[in-house]
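To keep things clear, I will list the structure first and then write my remarks on it.
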Amino acid sequence: MSSSPSPRGRPRDPRSHEAIVSAAAELVAEVGYAATSIGAVAARAGVGKDTVYRRWRGKPELVFDAVFTTTDHAPVPDTGTLAGDLTALLRGLVDEFHAPAAAAALPGLLADFAADPVLRARIRSGFLAPSKERLLVVFERAETRGEIAAGTPVDLVLDTLAGAVFFHVGLVGEHPDPRLAEQLASVMAKGIEVR
Numbered sequence: 023m024s025s026s027p028s029p030r031g032r033p034r035d036p037r038s039h040e041a042i043v044s045a046a047a048e049l050v051a052e053v054g055y056a057a058t059s060i061g062a063v064a065a066r067a068g069v070g071k072d073t074v075y076r077r078w079r080g081k082p083e084l085v086f087d088a089v090f091t092t093t094d095h096a097p098v099p100d101t102g103t104l105a106g107d108l109t110a111l112l113r114g115l116v117d118e119f120h121a122p123a124a125a126a127a128l129p130g131l132l133a134d135f136a137a138d139p140v141l142r143a144r145i146r147s148g149f150l151a152p153s154k155e156r157l158l159v160v161f162e163r164a165e166t167r168g169e170i171a172a173g174t175p176v177d178l179v180l181d182t183l184a185g186a187v188f189f190h191v192g193l194v195g196e197h198p199d200p201r202l203a204e205q206l207a208s209v210m211a212k213g214i215e216v217r
């Protein structure tokens with residue numbers, strides 16, 4: 023049995039992480055994406071800029087993490103049906119995209135993602151992985167219940183669900199109908215169900 027070496031420096035404080043994420047979301051909502059800086063986030067969070075850079079490579083990753091990963095920490099829904107589970111997941115996503123910080127962050131984030139393929143790949147692999155894992159759990163349950171076939175393309179379904187919410191709420195700026203999550207979940211569940 024081997025032991026791993028002790029990490030160098032002070033251990034990360036979860037309170038600092040929360041303070042940084044909260045500060046980033048607040049600043050984006052207040053002053054917009056372009057005017058938000060790592061320095062301003064660090065000052066509001068009461069930490070040094072180095073503390074921020076140890077956790078995120080730059081502003082796009084920090085803002086994405088602060089604004090668009092809030093649903094990743096909620097329990098995976100288990101309603102007993104695929105449509106019910108998807109509805110629960112989508113409600114969180116709709117709320118996330120409808121938040122003031124999301125509306126303020128989207129244009130700048132989209133520009134940064136378009137200009138930097140490496141950043142886009144890091145967001146896809148690192149930050150979207152928890153959403154994919156949550157959807158995998160939902161799909162495994164649905165497969166066990168006989169609702170969907172093995173091999174349902176998780177990435178494509180995730181892109182389709184997030185894309186629909188993004189377009190309807192984020193890009194077009196529609197005020198989401200209270201039934202939007204249920205309607206999208208129903209369409210998706212029907213489309214991938216076993217026939």
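So the sequence shown is numbered by our numbering: it starts at 23 and just counts up by one.
Built from N, CA and C at the ideal position, the CB exists for glycine as well.
Take residue i and list the residues in its own chain whose beta-carbon comes closer than 6 Å to its own, dropping the five residues that flank it on each side.
| i | result |
| --- | --- |
| Ala-67 | Ala-41, Ile-42, Ala-45 |
| Ala-164 | Leu-104, Ile-170 |
| Ala-123 | Ala-47, Val-50, Ala-51, Val-89 |
Going along the chain, which residues of its own chain have a beta-carbon closer than 8 Å to the beta-carbon of residue i, five neighbours each way excluded?
| i | result |
| --- | --- |
| Leu-115 | Thr-93, Leu-183, Ala-184, Val-187, Ala-203 |
| Pro-29 | Because the pLDDT at Pro-29 is just 42, under 50, the model does not fix this residue reliably, and the value given afterwards should be weighed accordingly. Answer for Pro-29: no residue qualifies. |
Opposite residue i in the DSSP bridges: which residues?
| i | result |
| --- | --- |
| Glu-215 | Ile-170 |
Can you give me the Cβ contacts of residue i inside the same chain, cut-off strictly under 7 Å, excluding the 5 residues immediately before and after it?
| i | result |
| --- | --- |
| Ala-211 | Leu-104, Ala-105, Leu-108 |
| Asp-87 | Val-43, Trp-78, Phe-149 |
| Glu-153 | Correcting the residue type first, residue 153 is Ser in the shown sequence and not Glu. Within the same chain, Ser-153 has close Cβ partners Asp-94, Leu-180. |
| Gly-61 | Lys-71 |
| Leu-132 | none |
To the nearest angstrom, how far is the alpha carbon of residue i from that of residue j?
| i | j | result |
| --- | --- | --- |
| Ala-137 | Leu-49 | 23 Å |
| His-39 | Leu-206 | 33 Å |
| Lys-243 | Leu-157 | The structure shown does not extend to residue 243, since the chain spans only 23 to 217, so no value can be given for it. |
| Leu-84 | Ile-214 | 34 Å |
| Arg-77 | Val-98 | 25 Å |
| Gly-80 | Asp-100 | 36 Å |
| His-95 | Thr-166 | 24 Å |
| Val-176 | Val-140 | 23 Å |
| Asp-199 | Thr-91 | 22 Å |
| Asp-35 | Val-216 | 47 Å |
| Arg-142 | Ala-57 | 21 Å |
Which term fits residue i, buried or exposed, when burial requires 16 or more other beta carbons within 10 angstroms of its beta carbon?
| i | result |
| --- | --- |
| Arg-37 | exposed |
| Val-53 | exposed |
| Glu-196 | exposed |
I believe residue i touches residue j by the beta-carbon criterion, under 8 Å. Please report the beta-carbon distance rounded to the nearest angstrom.
| i | j | result |
| --- | --- | --- |
| Ala-128 | Gly-192 | In the sequence as displayed, the identity of residue 128 is Leu instead of Ala. Leu-128 to Gly-192, Cβ: 5 Å. Contact. |
| Tyr-55 | Gly-130 | 3 Å |
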